[in-house]
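Novice: In our numbering, the protein residues as written are 1484 to 1831.
Backbone N, C-alpha and C fix where the C-beta goes; we use that ideal spot for every residue, glycine too.
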Ligand SMILES: Nc1ncnc2c1ncn2[C@@H]1O[C@H](COP(=O)(O)OP(=O)(O)OP(=O)(O)O)[C@@H](O)[C@H]1O
Ligand SMILES: [Mg+2]
């Protein structure tokens, strides 16, 4: 497993964070995290895994039931005011005032942090320029695209030149072009200022591309940490993916492949068979012939290098997309139940 000794210069430290919400929802279950200063660090996990709760605790918006959170050497529980001055926060949902212009939003935010006069004016213009919003500075935010709003959100988080920036799902819901534009700005910040950034995402490819180090979070705790390459390199060999022509007894598939020594981790779900092979290309002919001998028809075979999705499967035993989807459905069901309750209540 990637090392545990990167900590000397940590800008963000979480030790054994626990948080249970009312109704016994365990959001964090002993979360540990260590973000070295000057790094762009990704916390990647599916819906409901505890990303926002972690960010809320680190940014003083809620408190942990147990454990410790330290930002820039300051304990967030002991001295939340000092922490707030050091950090910038971009919430999962935009906090910009839709009825104000981009310039007004930034100016107000600057005042909240004690900026005024020419210094404030210069800072606001600088951020508008940096985030490509100068020509839209006088437009009301309610007319902005999703990408423009998110760029403004990040600019708002930076008004007071924080040392540490928290970005909770900065690009969720944006189209690929807008995501790219946003990340270009964020990338420039890290390169230019060596600011520490902790971002959360449920896009594995985003974590892989922009996270120098990433932690995979699942059910309220970190299950793996490393560079994307380190996480993938814990997976030996290649991924094999076979589309079966029809539903097949999983045990029959497993039995038929059991004799191939360099094929492992065989998983069969519906008509899909996944396995790992030391050398994919070498394993394919044998896999096909064993399946054929067992009377199993196939539609297609793919060999690919290991992905973060494979790493996620290894560490959690589940496919990322499926967990993410299940989390989304549970959240939607929860919201529906809440709505129904409210509507019922109002009707009485
Ligand atoms: N205020 C709250 N009250 C009750 N339960 C909550 C509250 N906030 C979060 N939870 C629950 O805690 C768990 C973790 O939620 P959290 O928002 O931290 O996850 P997340 O990883 O940010 O998810 P998403 O990807 O959907 O943003 C979920 O089961 C969620 O439903
Ligand atoms: Mg969240």
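Going along the chain, which unbroken runs of the alpha helix (DSSP H) with 4 or more residues stay wholly within the segment 1604-1662?
Specialist: With a minimum length of 4 residues, the continuous alpha helix (DSSP H) runs that stay inside the segment 1604-1662 are 1629-1641.
Novice: Along the alpha helix (DSSP H) that carries residue 1438, what are the first and last residues, could you check?
Specialist: Summary: the structure shown does not reach residue 1438, with the chain confined to residues 1484 through 1831, and so no result is reported for it.
Novice: Considering only residues of the segment 1505-1558, which uninterrupted alpha helix (DSSP H) runs meet the minimum length of 4 residues and lie entirely inside it, listed in chain order?
Specialist: Those alpha helix (DSSP H) runs which fall completely within the segment 1505-1558 and span 4+ residues are 1534-1541.
Novice: Have a look at residue 1771 and residue 1741 and give me their C-alpha separation to the nearest angstrom.
Specialist: Taking the chain shown and counting its residues from 1, the one referred to as residue 1771 is at position 288. Taking the chain shown and counting its residues from 1, the one referred to as residue 1741 is at position 258. Roughly 13 Å separates the two Cα atoms.
Novice: Select from 1560, 1725, 1702, 1687 the residue whose C-alpha is nearest the C-alpha of residue 1532.
Specialist: The count along the chain shown starts at 1 and reaches residue 1532 at position 49. The shortest Cα separation from residue 1532 among 1560, 1725, 1702, 1687 belongs to 1702.
Novice: Can you tell me which residues fall inside 7 Å of ligand 2, judged by beta-carbon distance to its nearest heavy atom, and keep chain order?
Specialist: Those residues, listed in chain order, are 1534, 1535, 1575, 1651, 1652, 1683.
Novice: In angstroms, rounded to a whole number, what distance separates the CA positions of residue 1501 and residue 1558?
Specialist: Translated into positions along the chain shown, residue 1501 becomes position 18. Translated into positions along the chain shown, residue 1558 becomes position 75. Taking the straight line from one Cα to the other gives about 16 Å.
Novice: Does the count of Cβ pairs from the segment 1661-1674 and the segment 1585-1601 closer than 8 Å reach three?
Specialist: The segment 1661-1674, when compared against the segment 1585-1601, does not touch it at the 8 Å Cβ threshold.
Novice: Say yes only if the C-beta of residue 1505 is nearer than 7 Å to one or more non-hydrogen atoms of ligand 1, and no if none qualify.
Specialist: Counted from its first residue, the chain shown places residue 1505 at position 22. Yes, the beta carbon of residue 1505 sits closer than 7 Å to at least one heavy atom of ligand 1.
Novice: Closer than 8 Å by C-beta to residue 1773: which residues in its own chain qualify, once you throw out the five before and the five after it? Chain order, please.
Specialist: Position 290 of the chain shown, counted from the first residue, corresponds to residue 1773. These residues qualify, in order along the chain: 1739, 1740, 1742, 1743.
Novice: Would you say the beta carbon of residue 1508 is closer than 7 Å to some non-hydrogen atom of ligand 1?
Specialist: Position 25 of the chain shown holds residue 1508. Yes - ligand 1 has a heavy atom lying nearer than 7 Å to the Cβ of residue 1508.
Novice: State buried or exposed for residue 1689, treating a residue as buried only when at least 16 other CB atoms are found within 10 Å of its CB.
Specialist: In the chain shown, counting from the first residue as 1, residue 1689 sits at position 206. Flag for residue 1689 reads buried.
Novice: Taking the straight line between their C-alpha atoms, what separation do you get for residue 1529 and residue 1700?
Specialist: Counting from 1 along the chain shown, the entry for residue 1529 is found at position 46. Counting from 1 along the chain shown, the entry for residue 1700 is found at position 217. If I take the Cα positions, the gap works out to 8 Å.
Novice: Could you tell me which of 1781, 1566, 1799, 1526 sits nearest to residue 1647, measuring between CA atoms?
Specialist: For the purposes of this step, residue 1647 is identified with residue 164 of the chain shown, where counting begins at 1. When only C-alpha atoms are compared, the closest one is 1566.
Novice: I'd like to check one pair, residue 1661 with residue 1714: are the Cβ atoms closer than 8 Å?
Specialist: Here residue 1714 is taken as the residue at index 231 of the chain shown, counted from 1. Here residue 1661 is taken as the residue at index 178 of the chain shown, counted from 1. No, these two residues do not count as a Cβ contact at 8 Å.
Novice: Under a three-way DSSP split, which group does residue 1830 fall into?
Specialist: Working through the chain shown from its first residue, we reach residue 1830 at position 347. At residue 1830 the pLDDT is 31, less than 50, meaning the model places this residue with poor confidence; the figure from the coordinates comes in the next sentence. DSSP places residue 1830 in helix when its eight states are reduced to three.
Novice: Can you find at least 3 beta carbon pairs, one from the segment 1516-1526 and one from the segment 1574-1586, that sit closer than 8 Å?
Specialist: No, the segment 1516-1526 does not touch the segment 1574-1586.
Novice: Kindly examine ligand 4 and report whether one of its heavy atoms sits closer than 7 Å to the Cβ of residue 1691.
Specialist: This structure does not include ligand 4; its bound ligands are ligand 1 and ligand 2.
Novice: Does residue 1794 come out as helix, strand or coil in the three-state DSSP assignment?
Specialist: The sequence position of residue 1794 within the chain shown is 311, counting from 1. Correct three-state label for residue 1794: helix.
Novice: So, with DSSP's three-state summary, where would you put residue 1493?
Specialist: If you number the chain shown from 1, residue 1493 lands on position 10. Three-state result, residue 1493: strand.
Novice: Quick one: is residue 1634 buried, meaning 16 or more other Cβ sit within 10 Å of its Cβ, or exposed?
Specialist: What you label residue 1634 is simply residue 151 of the chain shown in a count that begins at 1. Residue 1634 is buried by the Cβ-count criterion.
Novice: Ignore the nearest five residues each way along the sequence and tell me which others in residue 1640's own chain have a CB closer than 7 Å to its CB.
Specialist: Within the chain shown, residue 1640 is the residue found at index 157, counting from 1. Counting only Cβ-Cβ distances below 7 Å, and skipping sequence neighbours, we find 1571, 1572, 1573, 1648.
Novice: Would you say residue 1672 faces chain B, with C-beta separation under 8 Å as the test?
Specialist: Looking for chain B here will not work: only one protein chain is present.
Novice: Please identify the residue among 1597, 1508, 1650 whose C-alpha is closest to the C-alpha of residue 1578.
Specialist: Mapped onto the chain shown, residue 1578 falls at position 95. Looking at the Cα atoms, 1650 is the closest of the given residues.
Novice: Give every residue of the same chain whose Cβ lies closer than 7 Å to the Cβ of residue 1760, excluding the five residues on either side of it in the sequence, and list them in chain order.
Specialist: Translated into positions along the chain shown, residue 1760 becomes position 277. 1720, 1721, 1723, 1745, 1746, 1766, listed in sequence order.
Novice: By a C-beta neighbour count over all protein chains shown, 10 Å radius and 16 as the cutoff for buried, is residue 1508 buried or exposed?
Specialist: In the chain shown, the residue the question calls residue 1508 occupies position 25. Answer is exposed; the Cβ neighbour count stays below 16.
Novice: Between residue 1668 and residue 1614, is the Cβ-Cβ spacing less than 8 Å?
Specialist: Position 185 of the chain shown, counting from 1, holds the residue named residue 1668. Position 131 of the chain shown, counting from 1, holds the residue named residue 1614. Taking 8 Å as the Cβ cut-off, residue 1668 and residue 1614 qualify as a contacting pair.
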